[in-house]
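What follows is a short report on a single structure.
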Amino acid sequence: MVERQFQKLNFYLLGFAIVMALLKFWMMVTVDSKIVVICAFLSLLLLGSTINVGIGNLVPNHVKKKICFRIDFWLAVLTLWFTMLPFGLFGLSAFFKTSFPLTGYQFTWITINRYWLLGCLITAYVVLLMVVLYLRRFIYYLATSYNKSFLQILTLSRHTASLKDVGRSLLLIAIRIGWVMCLILFLSFINYLVGQQFVFVLSLGIINLCVPLIEIKLLFRLLAIPVNSHIKLTGISVFGLFGALIFVSVLGVTYSSHRILKPAQQEIIVHRGVIDNDGAPNTISALKKNSRYRFSYVEMDIQETKDHHFICAHNDTLFIPGKGQREINLLKLKTIQRYHHVDLFREYLHIANNLEQPLIVELKVTNHSDKEMGKRFAEQFGQQMLKQSNMVHSVGYNYLRQIKARYPKIRVGLVTMLNFSNLAKYKVDFYTLQHITLTPFLLRSIPSKRPVYAWTDDQSLTMKRLSMMGVDGQVTDQAITLKDLTFNQKQNYWLLILNSIVTYL
């Protein structure tokens, strides 16, 4: 009888993994924020229902119907759901984090202040994780000690917990993360050796079926819910497993598909005007040296001084003797030139136009940037920017809108340091996205008429991965390497399998 119940639970868990694949498929096909919200709610309900099935034999049905039990149970499930978000939440987190709406101001503020914000969020999350692991048996005691109050169950959970137990739980989580990584690495290796599309499709299916199963069984173990990992194989069960694998594989191809069917011809964008450290970044001398290659664009950075001059510089601060590091926004040009050699953007732009070398100008933004900086940029350089296909990109969305309002023909783009929020909603002409956390869903959510560039890609394997994902261009310090890059698509499916780590971890 017990074995039969475990068998039933295992098939329920298999169904859980399949439904998770369906949710990802639905979000990938629709690319609709409302659908993402619905899927988030459904994933919460599904997680709670699955846990409810797991504790089904531990608590009588009449107890489950009590309001107090339901409230306590779903509060615990909601806490677990939030706790699992940074761990991928069965592959759903990658969809959620690039779907929630933010205003342009909010996006800019979060990006500028990302370091201390991330520090606060990580600290808060570590505290939450420790509390959840310390009280991990709460749902088990809620089921087995249903005659006790909420506070009594909390006390019981606390009394049976220990720091040593938390350590074991963390070790168990680390081991399961290791399993997931080993599975993805193994399948990547198989695709590296074989390089056939059917192997690629099957590998996606295995990942999309097995990883959620690994995660949900880990959750059950942490919650002290008994589950037998072994499925007694019968003709029906073998057919069901095989059918589930094929079904999830087909779905996986869809929601892991890329912006285009074949690798895109890459626009090569020279990062800060320098190729393989052959000059000082953001300088006219580097521009003159590397414009001879005739690459699509030279990307460079500018900062506005206190007296509203634009200089070629990447870092927000400069060292001033006797005063230490000071923000460029708070320094006058004369003060900067007294201690540092800097090129003025006006001269840089004039020379770039004469050399017929298009620019992508990054307008750097800090918390002290003047609110009218975009307007002044447009007034000072608008006509010169239009002499060739020069563009502007920045994390400062409102500044981009100021430039666009004055000169609609200047193409403006959004830069991301962290890939988050619903980027497609912003009124820009292109995107320059941080490459490490780039996902198929994020690429698919952006209209194809808006080019997507990735930064900063200096390794050939990264260049191949991004080309296969379908980005339109790459900002790189190794422009020659990207120019000479050749590869066979089938032989590099393994890079797309490897990219699953971003989705699931």
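Numbering-wise (the working numbering), the sequence shown opens with residue 203 and increments by one. The beta carbon of each residue, even a glycine, is placed where N, CA and C say it ideally should be.
Based on Cα-Cα distance, which residue from the options lies nearest to residue i?
i	options	result
LEU353	PHE340, LEU365, SER364 and THR346	PHE340
HIS516	VAL567, ARG540 and THR281	VAL567
LEU707	ASP518, TRP381 and ILE269	TRP381
MET619	TYR317, LYS525, PRO610 and ALA488	TYR317
ASN600	ALA326, GLN308 and LEU244	GLN308
ASN212	LYS226, SER245, THR252 and THR232	THR252
GLN691	MET670, MET502 and TYR348	MET670
TYR609	TYR633, PHE632, THR634 and ARG578	ARG578
PHE275	LEU425, PHE391 and TYR550	LEU425
ASP631	ILE612, ASN263, LEU304 and CYS384	ILE612
How far does the alpha helix (DSSP H) with residue i in it extend, from its first residue to its last?
i	result
ARG667	662-671
LEU602	599-608
LEU343	Here the sequence assigns Tyr to residue 343, which means Leu is not the residue at that position. It spans 340-346 - the alpha helix (DSSP H) in which TYR343 sits, taken as one unbroken run.
HIS473	Note, HIS473: premise wrong, no alpha helix (DSSP H); beta strand (DSSP E) at 469-473.
ARG496	Where ARG496 is concerned, there is no enclosing alpha helix (DSSP H), given that its DSSP letter is neither H nor E.
SER596	SER596 -> not in any alpha helix (DSSP H); beta strand (DSSP E) instead, spanning 593-596.
ARG613	From DSSP, ARG613 is part of no alpha helix (DSSP H) but of the beta strand (DSSP E) over 613-617.
LEU697	695-700
GLY155	Since the first residue of the chain shown is 203 and the last is 707, residue 155 is not available in this structure.
ILE553	547-557
PHE512	Per DSSP, PHE512 belongs to no alpha helix (DSSP H); it is in the beta strand (DSSP E), 512-514.
THR537	535-541
Could you have a look at residue i and say whether DSSP puts it in helix, strand or coil?
i	result
ILE392	helix
GLY481	coil
HIS361	helix
ILE269	helix
ILE522	strand
ALA426	coil
THR683	helix
GLY256	helix
PHE284	helix
VAL261	coil
ILE638	coil
ALA219	helix
PHE632	strand
GLN691	coil
GLN582	helix
ILE590	Ile is not the amino acid found at residue 590; the sequence shown has Gln there. Coil.
THR705	helix
GLU574	coil
LEU463	Because LEU463 carries a pLDDT of 49, less than 50, the predicted location of this residue cannot be relied on, and no value is offered for it.
Report all residues from its chain with a CB closer than 7 Å to the CB of residue i; omit the five preceding and five following residues, and keep chain order.
i	result
ASP660	THR678, ASP679 and GLN680
LYS685	ILE470
GLN636	THR618, MET619, LEU620, ASN621 and TRP657
ARG528	THR519, LEU520 and ILE522
ALA219	LEU411, PRO414 and LEU415
LEU365	none
ILE401	For the record, residue 401 in the displayed sequence is Val; it is not Ile. Once the five neighbours on either side are set aside, the close Cβ partners of VAL401 are ILE392 and ASN393.
Could you name the residues of the same chain whose beta carbon sits closer than 8 Å to that of residue i, not counting the 5 residues immediately before and after it, in chain order?
i	result
GLY598	THR310, LEU565, VAL567, SER571, MET575 and GLY576
LYS491	ASP480 and GLY481
ILE237	TRP228 and MET229
ILE314	VAL567, THR568, ASN569 and VAL597
ALA278	PHE340, ILE341 and LEU344
PHE728	Nothing can be reported for residue 728: it is not among the residues displayed for the chain, which extend from 203 to 707.
VAL429	PHE208, LEU211, ASN212, LEU215, GLY256, LYS419, PHE422 and ARG423
Whose C-beta lies closer than 6 Å to the C-beta of residue i among residues of the same chain, with five residues either side of it excluded?
i	result
ASN592	PRO560 and LEU561
TYR336	ALA363 and VAL368
LEU294	SER245
LEU260	ALA345 and THR346
SER301	SER235, VAL238 and ASN624
HIS511	LEU535
Using the rule of at least 16 other Cβ atoms within 10 Å of the residue's Cβ for burial, across every protein chain shown, is residue i buried or exposed?
i	result
ALA554	buried
GLN604	buried
VAL500	buried
GLY256	buried
GLU417	buried
GLN467	exposed
VAL328	exposed
GLN399	exposed
GLY526	exposed
GLN676	buried
LEU532	exposed
ARG370	exposed
Could you check where the beta strand (DSSP E) with residue i kicks off and where it finishes?
i	result
PHE289	First-last for PHE289: undefined, no H or E at that position.
ILE504	499-506
VAL334	First-last for VAL334: 316-336, but that is the alpha helix (DSSP H), not the beta strand (DSSP E).
ALA656	654-657
ILE562	561-565
THR678	675-678
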